[in-house]
Amino acid sequence: MGADIHMYLEYTEKETLEKERNGDLNGRSEPVKAYWRNFGGRINPGRNYWLFGILSKGVRVNFENGFEPKGIPDFHSFGYNTSGDYSLYISDSYANDNEGRCCTLEKAIKWASSEYYSSELYYRNPTDDKPTWVSNPDWHSASWVTREEYEKAIHIYKDMCRKEHYEDPVNNPTEDVLVPEYDALLAAMKSLENDGYVCRIVFWFDN
Numbered sequence: 044m045g046a047d048i049h050m051y052l053e054y055t056e057k058e059t060l061e062k063e064r065n066g067d068l069n070g071r072s073e074p075v076k077a078y079w080r081n082f083g084g085r086i087n088p089g090r091n092y093w094l095f096g097i098l099s100k101g102v103r104v105n106f107e108n109g110f111e112p113k114g115i116p117d118f119h120s121f122g123y124n125t126s127g128d129y130s131l132y133i134s135d136s137y138a139n140d141n142e143g144r145c146c147t148l149e150k151a152i153k154w155a156s157s158e159y160y161s162s163e164l165y166y167r168n169p170t171d172d173k174p175t176w177v178s179n180p181d182w183h184s185a186s187w188v189t190r191e192e193y194e195k196a197i198h199i200y201k202d203m204c205r206k207e208h209y210e211d212p213v214n215n216p217t218e219d220v221l222v223p224e225y226d227a228l229l230a231a232m233k234s235l236e237n238d239g240y241v242c243r244i245v246f247w248f249d250n
């Protein structure tokens with residue numbers, strides 16, 4: 044089986060994000076939190092193992108100039124679609140009726156404590172004694188990139204393809220340089236940023 048990428052374009056207001064980073068308080072004397080919105084749901088621009096290895100070093104290929112995976116941003120900052128697809132809701136009552144969306148507490152703890160899975164437990168409130176969500180055990184190599192980082196990754200990929208074509212044009216056609224789906228995603232990010240938003244792409248892989 045091959046690996047697929049799960050990409051989620053998120054955006055938030057630049058002014059609000061700056062206030063959060065500065066530690067500003069709102070009218071209720073609470074820390075300002077930026078709200079990240081989803082640009083649609085999951086985006087799958089296609090299998091491109093070279094780009095996978097650039098965006099998250101070690102996925103399928105281990106390029107020296109690949110980006111080290113950062114893990115996910117703050118789980119509680121996720122857009123609605125990102126959060127729902129990344130995690131399972133922990134509920135002993137609904138686990139059997141919502142397979143793939145819910146799981147039992149026993150399973151969640153087992154996944155989180157296993158050396159094989161990379162699942163994490165997440166709590167709705169810091170003082171809760173039981174977790175509310177667990178990351179899906181089928182996902183791996185999660186990371187996220189800014190618009191600048193994403194654009195750099197595409198440039199690295201295209202430069203590599205051009206070099207391979209120059210050295211061996213028969214086995215490395217110029218068509219390999221074209222990645223229209225990935226380019227379209229970059230164009231969407233630039234459009235949102237022109238309207239005053241800050242963008243990021245959160246992503247992970249399956250097998």
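Numbering of the sequence shown is given in my numbering, commencing with residue 44 and proceeding in unit increments. Where is the CB? At the ideal position from N, CA and C, for every residue including glycine.
- When C-alpha distances from glycine 96 are compared across Ala231, Ile197, Tyr240, the shortest belongs to Ile197.
- Going by DSSP, aspartate 249 is part of the beta strand (DSSP E) stretching over 240 to 249.
- Its chain contains no residue whose beta carbon lies nearer than 8 angstroms to that of glutamate 158 once the 5 sequence neighbours on both sides are disregarded.
- Residue pairing of isoleucine 133 in beta bridges, as defined by DSSP: Cys146.
- Arginine 80 has Tyr54 as its beta-bridge partners, per DSSP.
- In summary, histidine 119 is exposed, with fewer than 16 beta-carbon neighbours lying within 10 Å of its beta-carbon over all protein chains present.
- The straight-line gap separating the alpha-carbon atoms of tyrosine 92 and arginine 243 is approximately 21 angstroms.
- Per DSSP, the unbroken beta strand (DSSP E) holding serine 186 starts and ends at 183 to 189.
- For aspartate 47, DSSP records a beta bridge to Asp249.
- Here tyrosine 165 is buried. Its C-beta has 16 or more other C-beta atoms within 10 Å.
- The way I'd put it, the region 231 to 245 does touch the region 185 to 193; three or more beta-carbon pairs between them come closer than 8 angstroms.
- A check of alpha carbon separations from serine 134 across Tyr123, Leu148, Gly122 identifies Leu148 as the nearest.
- In this chain, the beta strand (DSSP E) harbouring serine 178 covers 176 to 178.
- Annotation: tryptophan 79 to glutamate 163 spans about 21 angstroms, alpha carbon to alpha carbon.
- Using a 10 angstroms sphere on the CB of valine 104, the tally of other CB atoms stays under 16, which defines it as exposed.
- In this structure, the CA atom of tyrosine 54 is about 13 angstroms from the CA atom of asparagine 124.
- By the C-beta density criterion, proline 112 is buried, having at least 16 other C-beta atoms within 10 angstroms.
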